[in-house]
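As numbered in this note's numbering, residues 81 to 501 make up the sequence shown, in order. Reviewing the structure listed below.
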Amino acid sequence: MPDHFDSNTADIAVVGAGVIGVACALQLARQGQRVVVIDMQEPGHGASFGNAGHLATEQVFPIADLSILKRLPAMLMDPMGPLRLDWKYLPRALPWFTRLLLNLRPAPFQRSVAGIRALNESSVAAWHRLLKGIDCPGLMREDGSLLVYERSESRQPLLALQARMRQQQVPVELWEAKVVRETAPQLNEQIQGGLFFPATGHFIDPYRVVCELVEAAKQCGVQFLKRQVTGGQLSETGVCLQTSLGKINARRVVIACGAHSAKLTAALTGKHVPLDTERGYHLMLPHEHDRLPFAVTSLERKFIMTPMSDGLRLAGTVEFAGLDAPPSMERAWQLHRLSKGLLREDLSAEGATPWMGFRPSLPDSLPIIDRVGDGKVLLAFGHQHLGLTQAAVTAEMIAQLAGATSAHALPELHPYRLDRF
Numbered sequence: 081m082p083d084h085f086d087s088n089t090a091d092i093a094v095v096g097a098g099v100i101g102v103a104c105a106l107q108l109a110r111q112g113q114r115v116v117v118i119d120m121q122e123p124g125h126g127a128s129f130g131n132a133g134h135l136a137t138e139q140v141f142p143i144a145d146l147s148i149l150k151r152l153p154a155m156l157m158d159p160m161g162p163l164r165l166d167w168k169y170l171p172r173a174l175p176w177f178t179r180l181l182l183n184l185r186p187a188p189f190q191r192s193v194a195g196i197r198a199l200n201e202s203s204v205a206a207w208h209r210l211l212k213g214i215d216c217p218g219l220m221r222e223d224g225s226l227l228v229y230e231r232s233e234s235r236q237p238l239l240a241l242q243a244r245m246r247q248q249q250v251p252v253e254l255w256e257a258k259v260v261r262e263t264a265p266q267l268n269e270q271i272q273g274g275l276f277f278p279a280t281g282h283f284i285d286p287y288r289v290v291c292e293l294v295e296a297a298k299q300c301g302v303q304f305l306k307r308q309v310t311g312g313q314l315s316e317t318g319v320c321l322q323t324s325l326g327k328i329n330a331r332r333v334v335i336a337c338g339a340h341s342a343k344l345t346a347a348l349t350g351k352h353v354p355l356d357t358e359r360g361y362h363l364m365l366p367h368e369h370d371r372l373p374f375a376v377t378s379l380e381r382k383f384i385m386t387p388m389s390d391g392l393r394l395a396g397t398v399e400f401a402g403l404d405a406p407p408s409m410e411r412a413w414q415l416h417r418l419s420k421g422l423l424r425e426d427l428s429a430e431g432a433t434p435w436m437g438f439r440p441s442l443p444d445s446l447p448i449i450d451r452v453g454d455g456k457v458l459l460a461f462g463h464q465h466l467g468l469t470q471a472a473v474t475a476e477m478i479a480q481l482a483g484a485t486s487a488h489a490l491p492e493l494h495p496y497r498l499d500r501f
């Protein structure tokens, strides 16, 4: 990381060095823009480091439905539940949850579904273009994913989900137990069947994806600065950012710092966005290579297992406790306990490493992808569980907003505008 920077050399400053920010920086640099990326951490060390690695194009529904009302007592009382709300954080979370519930009414719910689906349908092709452009197509595997169920009473909810998926044109196949056993023989015989999503896949190493994008961006002249952005304001010539090591001036800025984006957005646009964070946990099992052929999710246990080059990653727990509360790593270890009995032989936790990160979520489950402030401020954050899935197409949309023309059909920008709040 350079420790100095000529603050007058940037056309665009990208705040955030996760997969979305770095992908944006690379696309912009390839258009001839002089780009600097600023983050208080090394690239890829936020949520991009520890996500489930799932190319989740099948997840077209918002992050919650009306059943969340029934689950609220358990969310408050069960510290190890799959969905937890820290009771100490409840007063701060209540306005966000209120807006979440309002967005579950039929009309806004359908708008959210349409917006998520549009991004997801463009995501795989965008990732193909991005990875091919950096000569790393092997980092993404398009081998599908499987949602399994174990109890007979789960079959009807599973079939109902299949029907909803088909209504949204999500490719989905019903697999009976025999097909599951033939395709994923390591799973326990108590598995009664599941839904297979052939148009999904996974990344074999999400962190390496970011690292390869960083190297490609550097070859295009992008500079990376390890600094904290503490504020900013618009000027006649562009944007001035205050950082922990001085000011940085640029003609434009891209705000892509995930769960940390709200404060800078407010400073530069005057808009206070209802951004909260779903704290996600994972447990990485380094001795579990080749256990599964693709990502497998449990309907009842509510977690996912993704095969990666460094082992098997267990992920999926969600916690609402804000940005400041310390992580509860016991929730990560709970994932190993949840896995017991799901496979023929229990998974080894020897040498396992726990992790916690922040998923940036807005109450309508849609990201903000927009250009405001007379074109000086570009926004790319709030992708909830789908940041990795939607990173490549988001970067193409930001490049389009920055003034480039694109030969690729991109989603309509209206659902993702800042002024919807």
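By construction, the Cβ of each residue, glycine as well, lies at the ideal position given by its N, Cα and C atoms. Because the structure is a prediction, the values reported are computed rather than measured.
Using the C-alpha atoms, what's the distance from Gln470 back to Asp83? Confidence in Asp83 is poor, its pLDDT being 49 and thus under 50, which makes the residue's placement too unreliable to answer from.
My guess is that Ile92 and Ala330 are in contact by the Cβ rule of under 8 Å, so how many angstroms apart are they, rounded?
6 Å
* Look up Ser225 in the DSSP assignment and give the residues it is bridged to. => Phe277 and Ala375
Okay, do the region 442-459 and the region 330-346 touch, 3+ Cβ pairs below 8 Å being the bar? yes
Give the DSSP-derived three-state secondary structure of Ser147 in the structure shown. coil
_Test item: CB-CB of Gly396 and Thr357 under 8 Å_ = no
* Can you name, in chain order, every residue of its own chain whose Cβ lies under 6 Å from the Cβ of Val290, other than the five neighbours on each side? -> Val99, Val102, Pro123, Gly124 and Ser128
Q. Quick one: what's Thr357 bridged to in DSSP?
A. Pro440
Notebook entry, point to check: Hey, would you say Phe438 sits closer than 8 Å to Leu415, going by beta carbons?
Noted result: no
Among the residues of its own chain, which have a CB less than 8 Å from the CB of Pro217, if the five just before and after it don't count?
His208 and Leu211
task: Per DSSP, which residues does Val94 bridge with? Please list them.
output: Val117 and Val334
Which ranges does the beta strand (DSSP E) cover as unbroken runs of at least 3 residues, wholly within the region 185-229, from first to last along the chain?
225-229
Next item on the list: Put Val259 into one of helix, strand or coil per three-state DSSP.
Entry: helix
Are there three or more Cβ pairs, one per stretch, closer than 8 Å when the region 273-289 is compared with the region 299-310? no
Practice prompt. In angstroms with no decimal places, state the Cα-to-Cα distance between Met81 and Val117.
Written response: With a pLDDT of only 41 at Met81, under 50, the local geometry of the prediction cannot be trusted, and no value is derived from it.
Q: Tell me whether Asp499 sits in a helix, a strand or coil according to DSSP, three-state version.
A: helix
Discussion item. Going by the DSSP bridge assignment, what does Glu399 pair with across the sheet?
Written reply: Arg164 and Arg359
Neighbour-count burial assignment, Pro406, 16 or more Cβ in a 10 Å radius: exposed
Going straight from the alpha carbon of Ala475 to that of Val115, what length do you get? 14 Å
ask   = Would DSSP call Pro82 helix, strand or coil?
value = Since pLDDT at Pro82 reaches only 45, below the 50 mark, its modelled position is unreliable, and the value read off the structure follows with that caveat. Reduced to three states, the DSSP call for Pro82 is coil.
Consult DSSP for Phe304 and reduce its assignment to one of helix, strand or coil.
strand
For Leu149, which residues in the same chain have their Cβ closer than 8 Å to its Cβ, ignoring the five residues on either side in sequence? Leu181
Of the choices Gly112, Glu380 and Asn200, whose alpha-carbon is the least far from that of Leu227?
Glu380
Quiz item: Residues in its own chain within less than 7 Å of Gly421 by CB, not counting five upstream and five downstream?
Solution: Asn268
Practice prompt. Quick one: using the 10 Å Cβ neighbour count with 16 as the cut-off for buried, is Gln107 buried or exposed?
Written response: buried
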